[in-house]
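Student: This is the structure I want to talk about, given as structure tokens.
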Amino acid sequence: MINTKFSTAFVVAAMIFGTVSCGTVKTPEMQKYEARQGILEQNLKLNKLKIEYEEERTANNKLREEARSLSETAENKSDNFAVSNNPQKVADKATDTSKYLNRAAKANRELVKSDRKLERIQKKIDREKTKAEGMVRQIEYVNPE
1108 MINTKFSTAF VVAAMIFGTV SCGTVKTPEM QKYEARQGIL EQNLKLNKLK IEYEEERTAN
1168 NKLREEARSL SETAENKSDN FAVSNNPQKV ADKATDTSKY LNRAAKANRE LVKSDRKLER
1228 IQKKIDREKT KAEGMVRQIE YVNPE
């Protein structure tokens, strides 16, 4: 009775150990395919970052154009500002000019944010490219085709 339980436990333990130990051994072909899968995943990350960069670049160009036009308008308003005899008109022109200057300043702040975001994305792209190139070189070095 004890021998039967012991032998059954021994057989089960041997099967588990055999499965675990045999499951961790990978053929070179399998390792090559897994490495290629890693490269594909890295390229997927890289492509997503490139798409994000292009979307941000398009938004940045729109912001740049908007900031340029608002700055020109604000500058023209401030250049045309003249003191006339009517103090109410002068105050209205000053208020109007102040509003345009604030809009231009806000557009310029948004443009700076967008520029910084583009720089961050470009740094991420460069990092991912370096990783992908390293992985490709590693596969070529280990398993030349």
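Going by this note's numbering, the residue at position 63 of the sequence shown is 1170; the numbering climbs one at a time, nothing skipped.
Note that the Cβ used here is the ideal one computed from N, Cα and C, for glycine as well.
Restricting to Cα atoms, I'd like to know which of K1184, K1206, Q1149 and Y1160 is closest to E1235.
Tutor: Checked all of K1184, K1206, Q1149 and Y1160; the closest Cα to E1235 is Q1149.
Student: Answer yes or no: do L1170 and E1217 have a C-beta to C-beta separation smaller than 9 Å?
Tutor: Their beta carbons are under 9 Å apart, which means L1170 touches E1217 by this criterion.
Student: Please name the residue, chosen from K1139, L1147, Q1138 and E1136, that lies closest to E1240 on a Cα-to-Cα basis.
Tutor: Residue L1147 is the option with its Cα nearest to E1240.
Student: Considering only the alpha carbon of each residue, which of Q1144, L1208 and Q1195 lies closest to E1179?
Tutor: Comparing Cα-Cα distances from E1179 to each of Q1144, L1208 and Q1195, the minimum goes to L1208.
Student: Anyone know if the C-beta pair for E1163 and I1232 falls short of 9 Å?
Tutor: No, the Cβ-Cβ distance between E1163 and I1232 is not below 9 Å.
Student: Measuring CB to CB, does A1214 end up less than 9 Å from A1174?
Tutor: The answer is yes: Cβ separation under 9 Å.
Student: Alpha carbon to alpha carbon, how far is K1184 from S1176?
Tutor: Each residue's Cα considered, the two are about 12 Å apart.
Student: In chain order, what residues of the same chain have a beta carbon less than 7 Å from the beta carbon of L1156, not counting five sequence neighbours either side?
Tutor: Taken in chain order, the residues that qualify are I1228, K1231, I1232 and E1235.
Student: Thinking C-alpha only, which one of E1161, I1158, E1172 and K1206 is nearest A1181?
Tutor: Out of E1161, I1158, E1172 and K1206, K1206 has the C-alpha closest to the C-alpha of A1181.
Student: Counting only the same chain and skipping the five closest in sequence on each side, list residues whose C-beta sits under 7 Å from that of D1203.
Tutor: Here the set comprises K1184.
Student: Spatial neighbours of M1108 within its chain, please: CB distance less than 6 Å, with the 5 preceding and 5 following residues excluded, ordered by chain position.
Tutor: In this predicted model, M1108 has a pLDDT of only 48, less than 50, meaning its place in the structure is not dependable; the value taken from the coordinates is given anyway. Contacts found: none.
Student: Less than 7 Å between C-beta atoms, sequence neighbours within five positions excluded: which residues of the same chain meet that for S1221?
Tutor: Result list for S1221: E1163, A1166, N1167 and L1170, in chain order.
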